[in-house]
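S.K.: If you scroll down you'll find the structure; I have some questions about it.
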Amino acid sequence: MPVGLVILGRQGSGKGTQAARIADARGVVHISTGDMLRAAVTAGTELGLAAKEIMDAGGLVSDDIMNGIVEERLQEPDVVAGGFLLDGYPRTPGQADALAEAVGDQLDLAINLDVPVAEVTARMMARGREDDTPDSIARRLELYEAETAPLIAWFEDRGILAVVDGIGTEDEVFARLQGLIETVAR
Ligand code: AMP
15 MPVGLVILGR
25 QGSGKGTQAA
35 RIADARGVVH
45 ISTGDMLRAA
55 VTAGTELGLA
65 AKEIMDAGGL
75 VSDDIMNGIV
85 EERLQEPDVV
95 AGGFLLDGYP
105 RTPGQADALA
115 EAVGDQLDLA
125 INLDVPVAEV
135 TARMMARGRE
145 DDTPDSIARR
155 LELYEAETAP
165 LIAWFEDRGI
175 LAVVDGIGTE
185 DEVFARLQGL
195 IETVAR
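Under our numbering, the first residue of the sequence shown is numbered 15, with each subsequent residue one higher.
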């Protein structure tokens with residue numbers, strides 16, 4: 015059975031970078047909803063047009079839209095065969111419920127990559143992405159605490175939450191994550 019993983023963490027925690035490395039190392043499919051939305055913006059699709067303003071303001075695209083996109087992606091053959099590592103989804107309790115409905119007990123592990131607010135703010139200011147203005151960073155972190163942090167409890171209730179310290183070099187954090195994933199890999 016392919017493995018089903020979720021990585022949670024504040025924006026700027028390094029979860030995107032780590033998720034890509036894990037996917038490479040383990041052959042699971044990295045599903046980053048932020049990357050999917052940015053690709054839609056670049057391509058100028060209907061989704062991209064709808065999402066751009068919300069993303070620039072640091073808001074959240076609606077659960078209906080996000081659940082639809084992810085559900086479709088999860089049904090594609092590469093994911094069905096190789097398993098998945100979700101990055102940036104679920105971000106709200108509504109998305110978590112939709113995910114549970116879509117994959118059921120294929121969800122093996124939710125990793126909370128823990129990096130404190132002060133550290134992620136400094137990292138985001140340094141990376142200089144177009145949507146990384148001080149206002150949008152502050153808004154995203156607020157939204158994270160309000161909407162996403164409760165998901166940590168949601169995963170904990172299902173007994174699949176693990177916390178990984180996200181402070182350290184990229185290689186150090188990667189080694190911690192690999193060690194953890196070994197414990198659930200089938
Ligand atoms: P990220 O690259 O994960 O930081 O996502 C960039 C932006 O895309 C976020 O600030 C949101 O505006 C939007 N986004 C990405 N994933 C989601 C999601 N699961 N639900 C709602 N909005 C999302």
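We treat Cβ as the ideally placed atom computed from N, Cα and C, and that holds for glycine.
All values reported here derive from a predicted model rather than from experimental measurement.
Can you list every residue whose CB sits closer than 5 Å to some heavy atom of the ligand AMP, going in chain order?
M.R.: Residues with a Cβ closer than 5 Å to any heavy atom of the ligand AMP, in chain order: Gln25, Thr47, Gly48, Leu51, Met69, Leu74, Val75, Met80, Gly102, Tyr103 and Arg105.
S.K.: State the Cα-Cα distance for the pair Glu133 and Lys29, rounded to the nearest angstrom.
M.R.: Approximately 14 Å between the Cα atoms of the pair.
S.K.: For Ser27, collect the residues of the same chain with a Cβ closer than 6 Å to its Cβ; drop the 5 residues on either side in sequence, then sort them by chain order.
M.R.: So the list reads Leu127, Val129, Val134 and Gly180, once near-sequence residues are dropped.
S.K.: Under the three-state reduction of DSSP, which class applies to Ile174: helix, strand or coil?
M.R.: Ile174 falls in the coil class under three-state DSSP.
S.K.: Could you tell me which whole beta strand (DSSP E) segments of length 3 or greater appear in the stretch 36-70?
M.R.: 43-46, all fully within the stretch 36-70.
S.K.: From what residue to what residue does the alpha helix (DSSP H) around Leu157 run?
M.R.: Element bounds for Leu157: Pro148 to Leu157.
S.K.: Roughly how far, in whole angstroms, is the beta-carbon of Tyr158 from the beta-carbon of Arg24, given that I think they are within contact range, below 8 Å?
M.R.: Correct: roughly 5 Å between the Cβ atoms.
S.K.: Could you tell me the alpha carbon to alpha carbon distance between Gly58 and Asp185, rounded to whole angstroms?
M.R.: Approximately 36 Å between the Cα atoms of the pair.
S.K.: Compute the Euclidean distance between the alpha carbons of Val198 and Val42, then round it to the nearest angstrom.
M.R.: Looking at the two C-alpha atoms, the distance is approximately 13 Å.
S.K.: With DSSP as the reference, label Ile181 as helix, strand or coil.
M.R.: In the structure shown, Ile181 sits in coil (DSSP, three-state: anything other than H, G, I, E or B).
S.K.: Does DSSP put Val20 in a helix, a strand or coil?
M.R.: If DSSP states are grouped into helix, strand and coil, Val20 belongs with the strands.
S.K.: Helix, strand or coil for Leu74 per DSSP?
M.R.: Note: Leu74 maps to coil in three-state DSSP.
S.K.: At the level of alpha carbons, what is the spacing between Gly73 and Asp119?
M.R.: Each residue's alpha carbon lies about 30 Å from the other.
S.K.: Thinking just about the alpha-carbon of each residue, which of Phe188, Arg105, Val177 and Val178 is nearest to the one in Arg154?
M.R.: The option with the nearest alpha carbon to Arg154 is Arg105.
S.K.: What does a CB cutoff of less than 6 Å around Asp92 pick up in its chain, not counting 5 residues either side in sequence?
M.R.: Val43.
S.K.: For Ala124, report the span of its beta strand (DSSP E) as first-last.
M.R.: Start and end: Leu123 to Asp128.
S.K.: Could you tell me the boundaries of the beta strand (DSSP E) in which Asp101 lies?
M.R.: Taken as a continuous stretch (DSSP letters only), the beta strand (DSSP E) holding Asp101 covers Phe98 to Asp101.
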